[in-house]
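*Asks:* I have a structure here, written as structure tokens, and I will follow up with some questions on it.
Protein chains: 2
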Amino acid sequence: METVFSVSLPPWLQDLLRSFKQSFPSAEEKMKWVIGLSRRNIEHGTGGPFAAAVFEENSGRLIAASANLVVYSGLSIAHAEITALSLAQKTLGKHRLSSHLSGRYELYSSCQPCAMCLGAIPWSGMSALICAAREEDARQVGFDEGHKPSDWIEALQKRGIDVRTDLLRSEAAGVIQTYAERGGTIY
Amino acid sequence: METVFSVSLPPWLQDLLRSFKQSFPSAEEKMKWVIGLSRRNIEHGTGGPFAAAVFEENSGRLIAASANLVVYSGLSIAHAEITALSLAQKTLGKHRLSSHLSGRYELYSSCQPCAMCLGAIPWSGMSALICAAREEDARQVGFDEGHKPSDWIEALQKRGIDVRTDLLRSEAAGVIQTYAERGGTIY
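Line order of the protein sequences matches chains Z and W. Quick note on numbering: the first sequence equals residues 1273 to 1459 in the working numbering. Quick note on numbering: the second sequence equals residues 1273 to 1459 in the working numbering.
Now the structure itself:
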């Protein structure tokens, strides 16, 4: 019976982050980079067409990044958002990132979150969620996004979590479409 | 920047599972054991008053077990259900437990799932969810269960996941109450 589980980023992403020096002057630059990760994830065959990253709001500094690693890690929780949030918590050494004494952190995701990742966001201490593709872009090729409350955006906002959607949507939706056309596993 | 994260069960639970031989003839016996884990988790000071376990339906064999390990692991995802599901997937070597060719697996939880754990259940391949305490028992002492669709039980059932609630509810709610009375961290 296993008593430990772990998720490791694939070698290509570890290599990319090891010598990371890029800076991100704008929301568009951050999202473009995240969508680039989703593309590389399918090119390297390490998972589905989704990526996410956590940035410090004021500085624009990258805290953690990930891609969809469900099949790669053998864990159904290993969506891009769940793994990016967890790696950000490890990097900063606390299980709730934003607090009244600390900075504000933003989650950039190449697609609107599924029901699980949506539920994870308030517990993680994110101050903002920024999404590119819509859930219907994922649903259109067969991905299951789960059963989410229809007012999920308003519910996050009521908790003080800013939400921005459709940032570079067509670019991110294009990666999802490419994955489907290449016959990638839909789960 | 961290590129790996892991969750390990605390030593007391690893020791308990290492030489595990107990069998569970009934749903009540399974739930009583899971509630016992939630109680031991607060006695050992390793987390909140919640526990969960995955059993193979036909044999009643225990596949994996966990407790709430958010503070212990430094990860906001480390709820009892998320960690039990992930450990079960590691134990059986697949990211979706039930399939048309394999057995059926049940998740026993000492409390109804929060929004994140609820969203995780369909991805994990569980065939059934059995809960003891209600979410209002957790909310009553200040735990945040998140924003769940009001028809979450019906939505799981529509996906073919059986749901049973209130099994030994008062016993599990009592552990939550004890934790709160002792001044345990509410997060």
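Cβ atoms here follow ideal geometry from the backbone N, Cα and C, with glycine treated the same way.
List the residues of chain Z that Thr1363 of chain W touches, going by C-beta distances under 9 Å, in chain order.
*Replies:* As a working note, residue 1363 of chain W is residue 91 in the second sequence. Near Thr1363 of chain W (Cβ distances below 9 Å), the residues of chain Z are Met1273, Glu1274.
*Asks:* For the segment 1300 to 1329 of chain Z, list every residue whose C-beta sits within 8 Å of some C-beta in chain W, in sequence order.
*Replies:* Going along the segment 1300 to 1329 of chain Z in chain order, one finds no residue with a Cβ nearer than 8 Å to chain W.
*Asks:* Please list the segments of the beta strand (DSSP E) lying wholly inside the segment 1335 to 1397 of chain W, counting only runs of 3 or more residues, in order along the chain.
*Replies:* Runs found: 1377 to 1383.
*Asks:* Assuming Ala1405 of chain Z and Ile1349 of chain Z are in contact, meaning their beta carbons sit under 8 Å apart, how far apart are those beta carbons, in whole angstroms?
*Replies:* The sequence position of residue 1405 of chain Z within the first sequence is 133, counting from 1. The sequence position of residue 1349 of chain Z within the first sequence is 77, counting from 1. About 21 Å; that fails the 8 Å criterion.
*Asks:* List, in chain order, every chain Z residue whose beta-carbon is nearer than 8 Å to that of Lys1366 of chain W.
*Replies:* Here residue 1366 of chain W refers to the residue found at position 94 when the second sequence is read from its first residue. Gly1346, listed in chain order.
*Asks:* I'd like to know whether the C-beta atoms of Ser1381 of chain Z and Ala1324 of chain Z end up nearer to each other than 8 Å.
*Replies:* For the purposes of this step, residue 1381 of chain Z is taken as residue 109 along the first sequence, with counting starting at 1. For the purposes of this step, residue 1324 of chain Z is taken as residue 52 along the first sequence, with counting starting at 1. Going by C-beta atoms, Ser1381 of chain Z is nearer than 8 Å to Ala1324 of chain Z.
*Asks:* Counting pairs of Cβ atoms below 8 Å between the segment 1301 to 1320 of chain W and the segment 1333 to 1347 of chain W, do you hit three or more?
*Replies:* These segments touch.
*Asks:* In the DSSP assignment, the beta strand (DSSP E) including Val1435 of chain W goes from what residue to what residue?
*Replies:* In the second sequence, residue 1435 of chain W corresponds to position 163, counting from 1. Looking at the DSSP string, the run of the beta strand (DSSP E) that includes Val1435 of chain W is 1434 to 1436.
*Asks:* With a cut-off of 8 Å on the beta carbons, I'd call His1367 of chain Z and Gly1346 of chain W a contact; round off their distance for me.
*Replies:* Taking the first sequence and counting its residues from 1, one reaches residue 1367 of chain Z at position 95. Taking the second sequence and counting its residues from 1, one reaches residue 1346 of chain W at position 74. Right, the Cβ-Cβ distance comes to about 5 Å (below 8 Å), so this counts as a contact.
*Asks:* What span of residues does the beta strand (DSSP E) with Val1326 of chain W cover, start to end?
*Replies:* The residue given as residue 1326 of chain W occupies position 54 in the second sequence. Looking at the DSSP string, the run of the beta strand (DSSP E) that includes Val1326 of chain W is 1323 to 1328.
*Asks:* Can you have a look at Pro1282 of chain Z and say buried or exposed, based on whether 16 or more other CB atoms are within 10 angstroms of its CB?
*Replies:* Here residue 1282 of chain Z refers to the residue found at position 10 of the first sequence. Its Cβ being crowded by 16 or more others within 10 Å, Pro1282 of chain Z is buried.
*Asks:* If I follow the unbroken alpha helix (DSSP H) through Leu1428 of chain W, where does it start and stop?
*Replies:* Walking along the second sequence from the start, residue 1428 of chain W turns up at place 156. Unbroken alpha helix (DSSP H) run through Leu1428 of chain W: 1424 to 1430.
*Asks:* Who are the Cβ neighbours of Met1388 of chain W in its own chain at under 8 Å, not counting the five residues just before and after it?
*Replies:* Position 116 of the second sequence holds residue 1388 of chain W. Contacts found: Ile1349, His1351, Ile1354, Gly1418.
*Asks:* Taking Thr1318 of chain W as the reference, give the member of W:Val1326, W:Glu1301, W:Pro1385, W:Gln1286 with the closest Cα.
*Replies:* On the second sequence, position 46 is the one that residue 1318 of chain W refers to. Checking every option, the nearest Cα to that of Thr1318 of chain W belongs to W:Gln1286.
*Asks:* I'd like the span of the alpha helix (DSSP H) that includes Ile1402 of chain Z, first residue to last.
*Replies:* As a first step, residue 1402 of chain Z must be located in the first sequence, where it is residue number 130. Not the alpha helix (DSSP H): Ile1402 of chain Z falls in the beta strand (DSSP E), residues 1400 to 1405.
*Asks:* For Glu1407 of chain Z, I'd like the list of residues in its chain whose CB is within less than 6 Å of its CB, leaving aside the five on either flank, ordered along the chain.
*Replies:* As a position in the first sequence, residue 1407 of chain Z is number 135, starting the count at 1. Here the set comprises Gln1384, Glu1417.
*Asks:* Tyr1451 of chain W to Ile1393 of chain Z, Cα distance in whole Å?
*Replies:* Walking along the second sequence from the start, residue 1451 of chain W turns up at place 179. Walking along the first sequence from the start, residue 1393 of chain Z turns up at place 121. Those two C-alpha atoms are separated by around 25 Å.
*Asks:* Note down, in chain order, every chain W residue with its Cβ under 7 Å from the Cβ of Phe1292 of chain Z.
*Replies:* On the first sequence, residue 1292 of chain Z is found 20 positions in, with the first residue counted as 1. Here the neighbours are Met1273.
*Asks:* Where does the unbroken alpha helix (DSSP H) through Ser1442 of chain Z begin, and where does it stop?
*Replies:* Position 170 of the first sequence, counting from 1, holds the residue named residue 1442 of chain Z. First-last of the alpha helix (DSSP H) with Ser1442 of chain Z: 1441 to 1453.
*Asks:* Return the residues of the segment 1377 to 1390 of chain W that lie within a Cβ-Cβ distance of less than 8 Å from chain Z, sorted by chain order.
*Replies:* Listed by position, the residues of the segment 1377 to 1390 of chain W near chain Z (Cβ gap below 8 Å) are Cys1386, Ala1387, Met1388, Cys1389, Leu1390.
*Asks:* Measure the C-alpha to C-alpha separation of Trp1284 of chain W and Phe1277 of chain W and round it to an integer number of angstroms.
*Replies:* What you label residue 1284 of chain W is simply residue 12 of the second sequence in a count that begins at 1. What you label residue 1277 of chain W is simply residue 5 of the second sequence in a count that begins at 1. When rounded, the distance between both Cα atoms is 21 Å.
*Asks:* Comparing C-alpha positions only, which one of W:Val1435, W:Leu1428, W:Tyr1344 sits nearest to Gly1391 of chain W?
*Replies:* Here residue 1391 of chain W corresponds to residue number 119 of the second sequence, with the count starting at 1. The option with the nearest alpha carbon to Gly1391 of chain W is W:Leu1428.
*Asks:* For the segment 1413 to 1434 of chain W, which residues have a CB atom closer than 9 Å to at least one CB atom of chain Z, in sequence order?
*Replies:* The residues in question are Asp1416, Gly1418, His1419, Lys1420, Pro1421, Ser1422, Asp1423, Trp1424, Ala1427, Leu1428, Lys1430, Arg1431.
*Asks:* So, for His1316 of chain Z: in the same chain, excluding its five sequence neighbours on each side, which residues have a beta-carbon less than 6 Å away from its beta-carbon?
*Replies:* Mapped onto the first sequence, residue 1316 of chain Z falls at position 44. Trp1284.
*Asks:* Taking Val1306 of chain Z as part of the alpha helix (DSSP H), name the residues at either end of that continuous run.
*Replies:* By 1-based counting over the first sequence, the position of residue 1306 of chain Z is 34. Looking at the DSSP string, the run of the alpha helix (DSSP H) that includes Val1306 of chain Z is 1299 to 1315.
*Asks:* What are the residues that DSSP puts in a beta bridge with Phe1415 of chain W?
*Replies:* Stepping through the second sequence from its first residue, residue 1415 of chain W is reached at position 143. The partner list for Phe1415 of chain W (beta bridge, DSSP) is empty, contrary to what the question assumes.
*Asks:* Could you pull the start and end residues of the alpha helix (DSSP H) that Pro1282 of chain W belongs to?
*Replies:* Position 10 of the second sequence, counted from the first residue, corresponds to residue 1282 of chain W. Looking at the DSSP string, Pro1282 of chain W is not in any alpha helix (DSSP H), and its letter there is neither H nor E.
*Asks:* Can you check whether the C-beta of Ile1349 of chain W is within less than 8 Å of a C-beta belonging to chain Z?
*Replies:* As a first step, residue 1349 of chain W must be located in the second sequence, where it is residue number 77. At least one chain Z Cβ lies under 8 Å of Ile1349 of chain W.
*Asks:* Below 7 Å CB to CB, which residues in the same chain sit around Ala1299 of chain W once its five sequence neighbours on both sides are set aside?
*Replies:* By one-based count along the second sequence, residue 1299 of chain W stands at place 27. Around Ala1299 of chain W: Ile1402, Leu1439.
*Asks:* Based on the DSSP output, what are the partners of Phe1296 of chain W in its beta bridges?
*Replies:* Taking the second sequence and counting its residues from 1, one reaches residue 1296 of chain W at position 24. DSSP output for Phe1296 of chain W lists no bridge partner at all.
*Asks:* Just to make sure I have the definition right: I need the residues of chain W whose C-beta is within less than 7 Å of the C-beta of Pro1297 of chain Z. Which are they?
*Replies:* On the first sequence, position 25 is the one that residue 1297 of chain Z refers to. Here the premise fails: no neighbours, minimum Cβ distance about 20 Å.
*Asks:* Taking Cβ positions only, does Leu1281 of chain Z come closer than 8 Å to chain W?
*Replies:* One-based indexing of the first sequence puts residue 1281 of chain Z at position 9. Interface residue, yes.
*Asks:* Does Arg1441 of chain W pass the burial test, meaning 16 or more other C-beta atoms within 10 Å, or should it be called exposed?
*Replies:* To locate residue 1441 of chain W, count along the second sequence from 1; it is residue 169. Buried, since its Cβ has 16 or more Cβ neighbours within 10 Å.
*Asks:* According to the neighbour-count rule (16 or more other Cβ atoms, all chains shown, within 10 Å of its Cβ), is Thr1275 of chain Z buried or exposed?
*Replies:* To locate residue 1275 of chain Z, count along the first sequence from 1; it is residue 3. By the neighbour-count rule (16 or more Cβ atoms within 10 Å), Thr1275 of chain Z is buried.
*Asks:* Would Gly1397 of chain W be called buried (16 or more neighbouring beta carbons within 10 Å of its own) or exposed?
*Replies:* Taking the second sequence and counting its residues from 1, the one referred to as residue 1397 of chain W is at position 125. Gly1397 of chain W should be labelled buried.
*Asks:* Would you list the residues sitting across from Ser1278 of chain W in a DSSP beta bridge?
*Replies:* Position 6 of the second sequence, counted from the start, is the residue given in the question as residue 1278 of chain W. Partner(s): Z:Ser1278.
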